[in-house]
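Q:
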Amino acid sequence: MEKKELRAGIVGSGFAAKFHYEALQRVFSAKVTIAGAYSVSRKNLLSFTESRNLTAFDSIEDLIESSDVIHVCTPPVTHESIVVAALIRNKHVVVEKPFTGYFGDDSETFNGDTFSKEKGLKHSMESVRRMLNAEKESEGRIMYAENWVYAPAIQKERELLQKTGAQIMWMHGEESHSGSHSLTYGQWKFSGGGSMIGKGCHPLAAAIYLKHVEGRNRSGNAIRPKTISARTHAITRMPTFKNEGHLKTTYKDTEDFAMLHIVFEDGTIADLFASELVLGGVHNWIEVNTTNHRTICNINPNTSMQAYTPAEKYFEEVYVVEKTETKQGWSSISPDEGWFAGYQHEMDAFYKSAAFGDPVESNSSLASDVIATIYAGYVSAERKGAEVEITIL
Ligand SMILES: NC(=O)c1ccc[n+]([C@@H]2O[C@H](COP(=O)([O-])OP(=O)(O)OC[C@H]3O[C@@H](n4cnc5c(N)ncnc54)[C@H](O)[C@@H]3O)[C@@H](O)[C@H]2O)c1
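Mind the numbering: the sequence shown is residues 1 to 393 in my numbering, read in order.
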């Protein structure tokens, strides 16, 4: 049978655009042709498109018109408008994390540390509602590009849940590393928050996804998050922080540490950490404790391959693993980091859904629950960890 041909349009030409492009090369469920890309910075756009022999579009409208699936690889503050613009034209839309958020009031004086987090929750949920409504009225689907959902370890846990009928009692997990290079990352008005949204969204999405799967499996209905107690801290901004030069310290008005305790509708729990305070490379893992099995999903680092070199110079040209400070000595070298992280799997799954109408695993309901949990988490952190109800749409 001929594979269905689908045209991909990439919005953005930075880091995420590049790994979407790479992952698109590994889609086999459909025949993907890349219509081209559009980005506000023409210079960056051309350097992205010319080296890949892609068409550089002058307007986002033309790109959407020429595509079947739009990839939103732009800063979080732009996600809502691009997602809605694609859905209005009945296109599918693959949107990067975080789904959306609250990015301040455009005033000079806006400060992420001090603004009312209730207001942030209200505005971010209004944004989610607009995106979900646009999807309801569209022939296109929202595909939430949460790679953790498609990481092989998480998909294996999905299979375990479905085949064993287990109840998840407690999950704990983390996404941390030594800090983001992006200068816009530490500014609330661009990123919608700090570690809790930027990094915490990943293990949080995996935890919520697995409870959705468990619920659908056991009773036909997803089990949704109910309350959150959260704390946030800005350790690298403290006057007492001892800066030894190994951690990024560019955060202006966002946290660099977050701790989330989530209670689901059935009373079961998850504890998640997200930070910019961890040396030794990206630390992405989740442990799932169920009534009939326990799994430890080591997304990064993992022991699929270990490497040792007595001096850094030998590995000068070698990519070892994300954000490691040194290649000398032993390292958890990753033979295919994108595979373990789920990048190619998510893209193939999205195009399978676009081609055959299969349900989207990482869907808008999951994206909505993640944003609702995070912004309720910011309200809780403002109240020093008090339990806050999560808005379920
Ligand atoms: N899933 C992951 O592991 C992962 C990793 C990195 C980034 N991301 C997400 O990907 C998104 C993009 O991050 P990035 O690291 O690629 O950022 P980036 O700064 O490297 O690139 C952003 C691109 O968007 C373009 N852009 C900005 N505003 C635009 C607009 N209104 N219309 C069109 N183009 C616009 C910029 O010109 C730039 O090309 C973010 O939401 C980020 O959280 C996800």
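Quick reminder that beta carbons are idealized off the backbone N, C-alpha and C, glycines included. Values in this document were obtained by computation on a predicted structure and should not be read as measured data.
Which residues does DSSP list as the beta-bridge partners of Glu287?
A: DSSP lists His172 and Ile296 as partners of Glu287.
Q: Within 10 Å of its beta-carbon, does Ser195 have 16 or more other beta-carbons around it, so buried, or fewer, so exposed?
A: Buried, by the Cβ-count rule.
Q: In terms of alpha-carbon separation, which member of Glu118, Thr164, Phe257 and Gly112 lies closest to Phe190?
A: Out of Glu118, Thr164, Phe257 and Gly112, Gly112 has the C-alpha closest to the C-alpha of Phe190.
Q: In terms of residue numbering, what span does the alpha helix (DSSP H) encompassing Pro152 cover?
A: Where Pro152 is concerned, the enclosing alpha helix (DSSP H) stretches over Pro152 to Thr164.
Q: Pull up the DSSP beta-bridge partners for Arg231, would you.
A: In the DSSP output, where bridge partners are listed per residue, Arg231 has Met259.
Q: Which residue marks the beginning of the alpha helix (DSSP H) containing Thr33, and which one marks its end?
A: Unbroken run through Thr33 is the beta strand (DSSP E), Lys31 to Tyr38; no alpha helix (DSSP H).
Q: Could you check what DSSP says for Ala223 in three-state terms: helix, strand or coil?
A: For clarity, residue 223 is Ile in the given sequence; the question names Ala instead. Reduced to three states, the DSSP call for Ile223 is coil.
Q: Based on the DSSP output, what are the partners of Tyr144 in its beta bridges?
A: Looking at the DSSP assignment, Tyr144 forms a beta bridge with Val95.
Q: Give every residue of the same chain whose Cβ lies closer than 8 Å to the Cβ of Phe340, excluding the five residues on either side of it in the sequence, and list them in chain order.
A: These residues qualify, in order along the chain: Ala151, Pro152, Ala153, Ile299, Asn300, Asn302, Ser304 and Ser334.
Q: Taking Cβ positions, are His79 and Val95 nearer each other than 8 Å?
A: In contact: His79 and Val95 (Cβ atoms closer than 8 Å).
Q: Report the rounded CA-to-CA distance for Ala234 versus Thr254, giving the unit in angstroms.
A: Distance between the alpha carbons of Ala234 and Thr254 is about 7 Å.
Q: Taking three-plus beta-carbon pairs below 8 Å as touching, is the segment 356-364 in contact with the segment 170-184?
A: Because the criterion of three Cβ pairs below 8 Å is not met, the segment 356-364 and the segment 170-184 do not touch.
Q: Could you spell out where the alpha helix (DSSP H) holding Glu5 opens and where it closes?
A: Note, Glu5: premise wrong, no alpha helix (DSSP H); beta strand (DSSP E) at Glu5 to Val11.
Q: Under DSSP, the alpha helix (DSSP H) around Thr49 begins and ends at which residues?
A: Element bounds for Thr49: Arg42 to Glu50.
Q: Relative to the alpha-carbon of Leu87, which residue among Ser29, Pro203, Glu135 and Thr373 has its alpha-carbon at the smallest distance?
A: Checked all of Ser29, Pro203, Glu135 and Thr373; the closest Cα to Leu87 is Glu135.
Q: Quick one: does the C-beta of Ser334 sit closer than 7 Å to a heavy atom of ligand 1?
A: No; taking the cut-off as 7 Å, the Cβ of Ser334 has no heavy atom of ligand 1 nearer than that.
Q: Helix, strand or coil for Ser67, going by three-state DSSP, please let me know.
A: Three-state result, Ser67: coil.
Q: Comparing the CB of Thr254 with every heavy atom of ligand 1, is any distance shorter than 7 Å?
A: No, Cβ of Thr254 sits at least 7 Å from all heavy atoms of ligand 1.
Q: Short of 6 Å in beta carbon distance, which residues of its chain neighbour Thr74, apart from the five on each side in sequence? Order them along the chain.
A: Within the same chain, Thr74 has close Cβ partners Val11 and Gly12.
Q: Check whether the segment 249-268 and the segment 224-231 touch, using three or more Cβ-Cβ pairs below 8 Å as the test.
A: Verdict: yes, contact present.
Q: Is Phe264 helix, strand or coil when you go by DSSP?
A: The answer is strand: DSSP assigns Phe264 an E or B state.
Q: Under 7 Å from any heavy atom of ligand 1, does the C-beta of Ser67 make it?
A: No, since every heavy atom of ligand 1 falls outside the 7 Å radius drawn around the Cβ of Ser67.
Q: In chain order, what residues of the same chain have a beta carbon less than 8 Å from the beta carbon of Lys117, not counting five sequence neighbours either side?
A: Around Lys117: Tyr375, Tyr378, Val379, Ala381 and Glu382.
Q: Ligand 1 and Phe15: does any heavy atom of the ligand fall closer than 7 Å to the residue's C-beta?
A: Answer for Phe15: yes, Cβ within range of ligand 1.
Q: Counting along the chain, where does the beta strand (DSSP E) carrying Ala274 start and finish?
A: Unbroken beta strand (DSSP E) run through Ala274: Ile269 to Ser275.
Q: Apart from the five residues on each side of it in sequence, which residues of its chain come closer than 6 Å, Cβ to Cβ, to Met259?
A: Arg231 and Phe273.
Q: Can you give, in chain order, each stretch of the alpha helix (DSSP H) that sits fully within the segment 307-343 and has at least 4 residues?
A: Listed in chain order, they are 337-341.
Q: Helix, strand or coil: which one does DSSP assign to Ala376?
A: Residue state, collapsed to three classes: helix.
Q: Return the CA-CA distance between Glu146 and Phe48, expressed in angstroms with no decimal places.
A: For Glu146 and Phe48, the distance between alpha carbons rounds to 23 Å.
Q: For the alpha helix (DSSP H) that Met125 lies in, which residues bound it at each end?
A: Met125 -> alpha helix (DSSP H) spans Lys117 to Lys136.
Q: What separation, rounded to the nearest whole angstrom, lies between the Cα atoms of Val213 and Asn53?
A: Distance between the alpha carbons of Val213 and Asn53 is about 40 Å.
Q: Taking only heavy atoms of ligand 1 into account, decide whether any of them is closer than 7 Å to the Cβ of Ile60.
A: Yes, since a heavy atom of ligand 1 falls inside the 7 Å radius drawn around the Cβ of Ile60.
Q: With H, G and I counted as helix, E and B as strand and the rest as coil, what does DSSP make of Ala56?
A: Residue state, collapsed to three classes: strand.
Q: Taking Cβ to Cβ, would you say Val285 is nearer than 8 Å to Gln306?
A: Reading off the sequence, residue 285 comes out as Trp, not Val. No, these two residues do not count as a Cβ contact at 8 Å.
Q: So Arg130 and Val84 are supposed to be a Cβ contact under 8 Å. How far apart are they, rounded?
A: Contact flag correct, Cβ pair sits at about 7 Å.
Q: Closest to Val278 by C-alpha separation, out of Thr291, Thr290 and Gly245, would be which residue?
A: Checking every option, the nearest Cα to that of Val278 belongs to Gly245.
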